[in-house]
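Peer 1: In our numbering, the protein residues as written are 508 to 1031.
Backbone N, C-alpha and C fix where the C-beta goes; we use that ideal spot for every residue, glycine too.
This structure is a prediction, so every number in the text was calculated from the model and none was measured.
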Ligand code: BG6
């Protein structure tokens, strides 16, 4: 696999200094910094929230780390009648406010020299004609070599027209030897049918290997560590199966509400927003078999295979639950319920909490439920994967001695307190034999001095490098919708979801899913 376009490591001159070249190191060594070759990034939806908070700051951080080529170009496309300098000012504010690494004027100045803005609307040809001219001009002005990625940070309803326009103006095809790629933000459709339509629309103008579907959870360091934990160690894999695992809980809890996001969220809901993509991807990484190597093809093949063996546990009325947050206390703050949030119809049936149960039909996982849950305005912000083990088959203690002994668990703490916890029983010091749960912790902050890059830094760099491992293929997206569609259909016919007070751990219906089999959700 190439780590840079064309195989050579270009010199990243500029503020962060040139990249040291060590002739003794093998250029295929994956520990070498991977630096993007000559290229540019076009962002549609450049004034939107995602672009302001994540994309532009990530581009700055990449530049600051010396991972972008010196002639990199960032092109914003939007309705505003901005000159390049006005866009540069806007982008500077975004970068300054949200960058992860220190903001340095010299780095910014070098990046700003490659910033351009094209005014246009999706339904008018003019803007796209100008974009096409701009891209050609940047080849000589900045040396982009005609390599461009188009980032569609726009509603999926606009994908068809933008793809058509890019195709009409020839933006999808660069000069000989160059590449053109498209980056798609979720949601990838509304259900299986619309996802297939979207895949077809995009596929009509970009070949599948040029399509990069962003699931930003896959860009997180702790998520990539799932594979290291499982496949670089001897300790865990022997017990990673139905003989030892009782069940798996995957939780993505948020404490924030949805004020200000009505335009996107109303009518979408928690299951489509988070379970269809982030949580099902996490589940696939936990459940998949060992890939033959770490190539994109091998990883995607294993994820696809395990998703093909997965089904929704039925009946939905007993294995899934949804809820909507009502007024309540978030810490010391009294917060409003969804129906009172600005922009929401008081009769909105959009769920802000969703939980489902999945089953994997293979020898490794037969009989092990995978519980997935996500919600807004819950007790606290936490994303974790808990692999909960069976109880020991026999305990040679009096029942009173082990009253406070739970089940062993391995918890991958995805965020915010990144790390891994192993929970097991231990003797309480003293003359009596009493066994209680204790935790053994690995914390990123303590074990490593390096700080983790933001997910979008990693993913944007991978797009420019043409490294597709962390991007789901269309089949994975379609399989996820197949799992979710029956739940969504059933919920649609059921009116308003159960209400749960803000600051709690969700609707009672979700507790009942696990209680039916004598289990309980973790309270992280
Ligand atoms: C996004 C969802 O994909 O992920 C948001 O659309 C959610 O609703 C966000 O808030 C959470 O991302 P993170 O990285 O903060 O966990």
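Just to confirm, are residue 894 and residue 752 a CB contact at a threshold of 8 Å?
Peer 2: Counted from its first residue, the chain shown places residue 894 at position 387. Counted from its first residue, the chain shown places residue 752 at position 245. Yes, the pair counts as a contact, with Cβ atoms nearer than the cut-off.
Peer 1: Going by beta-carbon coordinates alone, are residue 759 and residue 793 separated by less than 8 Å?
Peer 2: By one-based count along the chain shown, residue 759 stands at place 252. By one-based count along the chain shown, residue 793 stands at place 286. Contact: no.
Peer 1: Go through its chain and collect everything with a Cβ distance to residue 773's Cβ below 8 Å, but skip five positions before and after it.
Peer 2: Taking the first residue of the chain shown as position 1, residue 773 is located at position 266. The residues are 850, 851, 852, 855 and 857.
Peer 1: Is it the case that the Cβ atoms of residue 733 and residue 658 are separated by a distance below 8 Å?
Peer 2: Here residue 733 refers to the residue found at position 226 of the chain shown. Here residue 658 refers to the residue found at position 151 of the chain shown. No, these two residues do not count as a Cβ contact at 8 Å.
Peer 1: Within this structure, are the beta carbons of residue 883 and residue 765 separated by less than 8 Å?
Peer 2: In the chain shown, the residue the question calls residue 883 occupies position 376. In the chain shown, the residue the question calls residue 765 occupies position 258. The answer is yes: Cβ separation under 8 Å.
Peer 1: Confirm the yes/no value for this check: CB of residue 901, any heavy atom of the ligand GTP, distance under 7 Å.
Peer 2: Only the ligand BG6 can be found as ligands here, which leaves the ligand GTP out of the picture.
Peer 1: In chain order, which beta strand (DSSP E) runs of at least 3 residues are fully inside the region 732-813?
Peer 2: The qualifying runs are 752-760.
Peer 1: State yes or no: is the C-beta of residue 721 within less than 8 Å of the C-beta of residue 978?
Peer 2: The residue given as residue 721 occupies position 214 in the chain shown. The residue given as residue 978 occupies position 471 in the chain shown. The answer is yes: Cβ separation under 8 Å.
Peer 1: On the criterion of 16 or more Cβ atoms from any shown chain inside 10 Å, does residue 836 qualify as buried, or is it exposed?
Peer 2: Walking along the chain shown from the start, residue 836 turns up at place 329. So residue 836 counts as exposed.
Peer 1: For residue 837, list the residues DSSP reports as bridge partners.
Peer 2: As a first step, residue 837 is located in the chain shown; it is residue number 330 there, counting from the start. Partner(s): 840.
Peer 1: Below 8 Å on the Cβ atoms is my contact criterion, and I expect residue 545 with residue 654 to pass it. Report the Cβ-Cβ distance as a whole number of Å.
Peer 2: In the chain shown, counting from the first residue as 1, residue 545 sits at position 38. In the chain shown, counting from the first residue as 1, residue 654 sits at position 147. About 6 Å separates the two Cβ atoms, so the contact holds.
Peer 1: Might you give, ordered along the chain, the residues of its own chain that have their beta carbon closer than 6 Å to the beta carbon of residue 689, omitting 5 neighbours on each side?
Peer 2: Position 182 of the chain shown holds residue 689. Around residue 689: 657, 713 and 718.
Peer 1: Label residue 484 either buried or exposed according to how many other C-beta atoms from any shown protein chain fall within 10 Å of its C-beta, with 16 as the threshold for buried.
Peer 2: An answer regarding residue 484 cannot be provided, because it is not within the stretch 508 to 1031 covered by the chain.
Peer 1: Taking 8 Å as the cut-off, does the region 641-654 touch the region 597-610 (at least 3 CB pairs, one atom from each stretch)?
Peer 2: No, the region 597-610 is not in contact with the region 641-654.
Peer 1: Assuming residue 972 and residue 698 are in contact, meaning their beta carbons sit under 8 Å apart, how far apart are those beta carbons, in whole angstroms?
Peer 2: Working through the chain shown from its first residue, we reach residue 972 at position 465. Working through the chain shown from its first residue, we reach residue 698 at position 191. The Cβ separation is near 33 Å, so there is no contact.
Peer 1: In this structure, does DSSP put residue 909 in helix, strand or coil?
Peer 2: Within the chain shown, the letter at position 402 stands for residue 909. Helix at residue 909.
Peer 1: If I measure Cβ to Cβ from residue 563 and keep anything under 7 Å in the same chain, skipping five residues before and after, which residues do I get?
Peer 2: Counting from one through the chain shown, the residue named residue 563 turns up at place 56. Excluding positions up to five away in sequence, the list reads 598, 601 and 602.
Peer 1: Quick check: does the Cβ of residue 780 come within less than 7 Å of any heavy atom belonging to the ligand BG6?
Peer 2: The residue you call residue 780 lines up with position 273 of the chain shown. Yes.
Peer 1: Could you give the residue range of the beta strand (DSSP E) that holds residue 817?
Peer 2: Walking along the chain shown from the start, residue 817 turns up at place 310. First-last of the beta strand (DSSP E) with residue 817: 817-819.
Peer 1: If I'm right that residue 629 touches residue 676 with Cβ under 8 Å, what's the distance once you round it to whole angstroms?
Peer 2: Indexing the chain shown from 1 puts residue 629 at position 122. Indexing the chain shown from 1 puts residue 676 at position 169. Their Cβ separation, rounded to whole angstroms, is 13 Å, which puts residue 629 and residue 676 out of contact at 8 Å.
Peer 1: Cα-Cα, which of 950, 887 and 716 is closest to residue 920?
Peer 2: Numbered from 1 along the chain shown, position 413 holds the residue referred to as residue 920. Minimum Cα distance to residue 920 is reached at 950.
Peer 1: Tell me whether residue 723 counts as near the ligand BG6, meaning its Cβ is closer than 7 Å to at least one heavy atom of that ligand.
Peer 2: Here residue 723 is taken as the residue at index 216 of the chain shown, counted from 1. Result yes, Cβ under 7 Å from the ligand BG6.
Peer 1: For residue 913 and residue 788, what's the separation of their Cα atoms in angstroms?
Peer 2: One-based indexing of the chain shown puts residue 913 at position 406. One-based indexing of the chain shown puts residue 788 at position 281. Looking at the two C-alpha atoms, the distance is approximately 28 Å.
Peer 1: Using 10 angstroms around the beta-carbon of residue 790, count the other beta-carbons present and answer buried if the total reaches 16, otherwise exposed.
Peer 2: Residue mapping note: residue 790 aligns to position 283 of the chain shown, counting from 1. Looking at its Cβ environment, which holds 16 or more other Cβ atoms inside 10 Å, residue 790 is buried.
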